[in-house]
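Protein sequences, first through last, are from chains A and B.
Quick note on numbering: the first sequence equals residues 1 to 398 in UniProt numbering.
Quick note on numbering: the second sequence equals residues 1 to 398 in UniProt numbering.
Following: one structure in structure tokens, then a few remarks.
Number of protein chains: 2
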Amino acid sequence: MNEQGLSEREIFSYLENAKSEDTDYYRVFSSMCTRPHKIAIEANRLFIEANLGDLGLFAGAHKLEQEVVRMLGNLLHASSIDVPSGGLCQSSVCGYLTTGGTESNIQAVRGMKNLVTAGKKEFKGTPNIVIPASAHFSFDKVADMMGIEVRRASLDSEFRVDMASVEKLINENTIGLVGIAGNTEFGQIDPIDKLSEVALENELFLHVDAAFGGFVIPFLEKPQPFDFKVPGVTSIAIDPHKMGLSTIPSGALLFRSPSFLDSLKVSTPYLTTKSQFTLTGTRSGASAAATCSVMKYLGYEGYRKNVQYCMELTSKIVEEARKLGFEPLIEPVMNVVALKVPNPDLVRERLLKKFGWNVSITRTPRALRLVLMPHNSPEDIELFLEDLKKVTAEIKSP
Amino acid sequence: MNEQGLSEREIFSYLENAKSEDTDYYRVFSSMCTRPHKIAIEANRLFIEANLGDLGLFAGAHKLEQEVVRMLGNLLHASSIDVPSGGLCQSSVCGYLTTGGTESNIQAVRGMKNLVTAGKKEFKGTPNIVIPASAHFSFDKVADMMGIEVRRASLDSEFRVDMASVEKLINENTIGLVGIAGNTEFGQIDPIDKLSEVALENELFLHVDAAFGGFVIPFLEKPQPFDFKVPGVTSIAIDPHKMGLSTIPSGALLFRSPSFLDSLKVSTPYLTTKSQFTLTGTRSGASAAATCSVMKYLGYEGYRKNVQYCMELTSKIVEEARKLGFEPLIEPVMNVVALKVPNPDLVRERLLKKFGWNVSITRTPRALRLVLMPHNSPEDIELFLEDLKKVTAEIKSP
């Protein structure tokens, strides 16, 4: 920090210089985020000073947060939940806006742990949760932080969690299961209905990580069951800052029952409210406003078109890649494609270095991973495939 | 969510309506946040789409984050740290931008736990940390989440942590101490130098929560030692979104040694980077840009003036309150005042209902708590004291 400070002009020249090194999402197939919608950006600006950590001072921003929870509840079939609506509940769904999928996943597991502990269940060992091997690395953070064993169930040939493996991993210390609705690597959806049956049978919580899929699956032509319509689902993570087109940070965590939120409460002696169930204290009201606005602006039809566009790109890339001899690992379920190419790590590196394409790589097996987002275009895909053809040809005969 | 979506006009009318219920910080003495600086708001807008969770795509925003860490390091005397600078280190300080004090505190304790565990220390019981009774409620979240016992040391008559109490609470399972540099209720600073001695003697980590004080203490006329100049301090939480005048979410966590950051890492298979030490995944680059800009714009001198202004308000309110017969609990150390008034809860309620003043209440003893922030003015203070006089007179002789 300088003694006297720089001028506005100096600072913006510095900022523009930094910005020139950031992506504008051109030639990016590796991100589950995208440019926020224009209306989200404007709403963010309008509520830039709002702090959802102090609800008494920001009652307006809090209303926007509650409205988002209500709209997300509708989207995720909260109407099928049969619980009395309380103070924290919006039409029988409870929840709040988080900083994103990681916080949502951490808090869902924390809620499970606290509810089980409050129920005075005695554990013979460390309490555990059973998650798919495909779960996001945020569950490594859960494992690292929470004194909970995270057991990873294997996947079937289509990269869905294998139910036999899940059942084998459940023991007397298991408190909950996790299913992924749109996993990060393959865009695959776990059999949430089957996980639900096992969860209900064994009296376990079932958290669904729909951070990416939550704003995709409901708008697909034939959506698979993944939300509160499935009776065993107790919580859902959904991220407006991914396919919801809102600003960062914008995640959400929804619970079937208000007891979950209660289990997360700590006292807040010097605030305008008496307790807090969120993980962070000071929270962005700007993001709540952004999410509320873009959801209201697009409506179901807007998101449906958005998903349809991304799915058309997905079909196009798979079709064209097949013509080049590259098969996808699975028939895409949503707008994520994993392509079998020779030497994917080298292909990835050359695509970036030679042509500026950002793609990523799945872990097992290693394949070229592409997320087709609203910032991509059909023309991009044609150019990409031409470059992919060149790069793979080079590698075959160097 | 509607089927077709609303018009832009409908949405902004809805937003404006909500905004009218939010505070504009007029008559607010209860918040440690304030209006962000204009330049922070503009920089936020410029980087609204930047995701610090994907550093390969957002190298520019990442540079701004590193620059903030470097500037904060200078502010907090990181130059006095003698460690080799590595990839994660900026001039021998390491750290990253968090969502705020709660995340910083959680991650500092997680780092302690992981480093101790990696050192293969055997515990006879649950590992514990010793914190002041005055510590922020975020430590209740740490206690709830982390499988760590949080032991609360009592305070001396000036609301600093009592060193005898701290020493009595340390046992063979203690992994670290926490000191507060600017506690939420009284603005008091714990004796960080004495905590440092005890920490070094017992080979314990020492985390300093300077979420509020970090942007105040360095600019006071006679700053007390609280930062990396004190040899035992291993980590510091400091929040740019409080007295740093940046946008929400803007916290920071700085470590004396890169081993801390290493201890927080999990692998990130499908990102442009290989591992992640942050708590959240997707992170706001907009806030990094905002913080970087306001720090560069104000410089030391700008923050000095800001703190001086708030301290002048503080002196004024104490002086005038004394004339009304209301003594402060302690002589204010920074811009937080706790006033002894009869029946503070009722006074608070009436100040709000009758005159729209937002104040809060300390826990033990119960007193009227006022935070004097850049959004307050000398005129506000005069009006407030008039209203305080009326309200307290009413209560005395109803």
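No residue lacks a Cβ here, since even glycine has one placed at the ideal position from N, Cα and C.
In the DSSP assignment, find the beta strand (DSSP E) that holds residue i and state where it starts and stops.
i: A:T98; result: V93 to T98
i: A:K336; result: The residue asked about is misnamed: residue 336 of chain A is Val in this sequence, not Lys. Element bounds for A:V336: V336 to L339.
i: B:D380; result: Looking at the DSSP string, B:D380 is not in any beta strand (DSSP E); the run it does join, the alpha helix (DSSP H), is P378 to K396.
Based on Cα-Cα distance, which residue from the options lies nearest to residue i?
i: A:V371; options: A:P231, A:K354, A:L313 and A:R363; result: A:L313
i: B:I238; options: B:N183, B:A199 and B:R322; result: B:N183
i: A:E386; options: A:K354, A:R283 and A:R366; result: A:K354
i: A:K121; options: A:I41, A:L204 and A:H37; result: A:L204
i: A:E21; options: B:L52, B:D24 and B:E42; result: B:L52
i: B:F47; options: A:A61, A:Y14 and A:R70; result: A:Y14
i: A:Y300; options: A:V233, A:G244, A:F123 and A:R322; result: A:G244
i: A:E3; options: B:R35, B:R27, B:M71 and B:G176; result: B:M71
i: residue 400 of chain A; options: A:S263, A:N306 and A:V198; result: Chain A is shown from 1 up to 398; residue 400 of chain A falls before or after that span and cannot be answered.
i: B:A133; options: B:V109, B:M145 and B:L169; result: B:L169
i: B:A393; options: B:D190, B:H375 and B:L351; result: B:L351
i: B:S360; options: B:C310, B:L339, B:R322 and B:G179; result: B:L339
i: A:M1; options: B:E167, B:M295, B:G111 and B:L261; result: B:M295
i: A:G285; options: A:I381, A:V68 and A:S31; result: A:V68
i: B:A108; options: B:H77, B:E201, B:D162 and B:T278; result: B:T278
i: B:G302; options: B:Y25, B:S31, B:S7 and B:H37; result: B:H37
i: B:G187; options: B:I330, B:R35 and B:T23; result: B:I330
i: B:R160; options: B:I192, B:D380 and B:S31; result: B:I192
So, under 8 Å CB-CB, residue i and residue j are touching, yes? Tell me the CB distance rounded to an integer number of Å.
i: B:G213; j: B:A252; result: About 13 Å separates the two Cβ atoms, so there is no contact after all.
i: B:V347; j: B:L368; result: 6 Å
i: A:A290; j: A:A43; result: 5 Å
i: B:Y297; j: A:I11; result: 6 Å
i: A:H241; j: A:P231; result: Not confirmed; about 29 Å, so no contact.
i: A:I236; j: A:V208; result: 5 Å
i: A:L75; j: A:P218; result: 6 Å
i: A:K113; j: A:E172; result: Actually they do not touch by this definition, with Cβ atoms about 16 Å apart.
i: B:L254; j: B:G73; result: 6 Å
i: A:L206; j: A:G179; result: 7 Å
i: B:S30; j: B:N358; result: 4 Å
i: A:G100; j: B:G281; result: 6 Å
Taking C-beta pairs closer than 9 Å, name the residues in chain A that residue i reaches, listed in chain order.
i: B:M146; result: M145, M146 and G147
i: B:V231; result: Inspection of the sequence shows that residue 231 of chain B is occupied by Pro rather than by Val. Simply none; closest approach about 23 Å.
i: B:L46; result: F12, L15, E16 and K19
i: B:I180; result: The premise fails here: B:I180 is roughly 14 Å from chain A at the closest Cβ pair, so nothing lies under 9 Å.
i: B:I41; result: R45, I48 and E49
Identify the continuous alpha helix (DSSP H) that holds residue i and give its terminal residues.
i: A:V371; result: Counting along the chain, A:V371 falls outside any alpha helix (DSSP H), though it belongs to the beta strand (DSSP E) covering L368 to V371.
i: A:L115; result: G101 to A118
i: B:I41; result: K38 to L46
i: B:M1; result: Where B:M1 is concerned, there is no enclosing alpha helix (DSSP H), given that its DSSP letter is neither H nor E.
i: A:K124; result: From DSSP, A:K124 is part of no alpha helix (DSSP H); its letter is neither H nor E.
i: A:N17; result: E8 to K19
i: A:M71; result: A59 to L75
At a CB-CB cut-off below 8 Å, which residues of chain A make contact with residue i?
i: B:L6; result: K296, Y297 and G299
i: B:V266; result: F137, D140, K141 and D144
i: B:R110; result: D144 and M145
i: B:N2; result: K296, G299 and Y300
i: B:P344; result: None at all; the shortest Cβ gap to chain A is about 12 Å.
i: B:K63; result: A18 and E21
i: B:N74; result: M1
Give me the chain B residues within the contact set of residue i, using Cβ-Cβ distance strictly less than 9 Å, ordered along the chain.
i: A:R27; result: Going along chain B, no residue has its Cβ under 9 Å from A:R27, so there is no contact; the nearest lies around 10 Å.
i: A:P36; result: I48 and E49
i: A:H241; result: N51 and T282
Interface residues of chain B around residue i at Cβ under 8 Å?
i: A:P249; result: T99, P249, T280, T282, R283 and S284
i: A:L253; result: Those within 8 Å of A:L253 in chain B number zero; the least Cβ separation is about 13 Å.
Just the chain B side, please: which residues come within less than 7 Å of residue i by C-beta, in chain order?
i: A:R9; result: Here the premise fails: no neighbours, minimum Cβ distance about 11 Å.
i: A:S235; result: Within chain B, no residue comes near A:S235; the closest Cβ sits about 16 Å away, beyond 7 Å.
i: A:E103; result: T280
For a contact meaning CB atoms closer than 7 Å, what does residue i contact in chain A?
i: B:M71; result: M1
i: B:C33; result: N51 and T282
Does residue i get closer than 8 Å to chain D when you measure Cβ to Cβ?
i: A:D227; result: In the structure shown, chain D cannot be found, because the protein chains are A and B.
Which runs of the beta strand (DSSP E) at least 3 residues long sit entirely within the stretch 128-198 of chain B? Give them in chain order.
128-132, 149-153 and 174-180
Report the start-end ranges of each beta strand (DSSP E) in the stretch 299-343 of chain A that is 3 residues or longer and not cut off at the edges.
List check, beta strand (DSSP E) in window: 336-339.
Contiguous beta strand (DSSP E) assignments of at least 3 residues, all confined to the stretch 209-289 of chain B:
235-238 and 251-255
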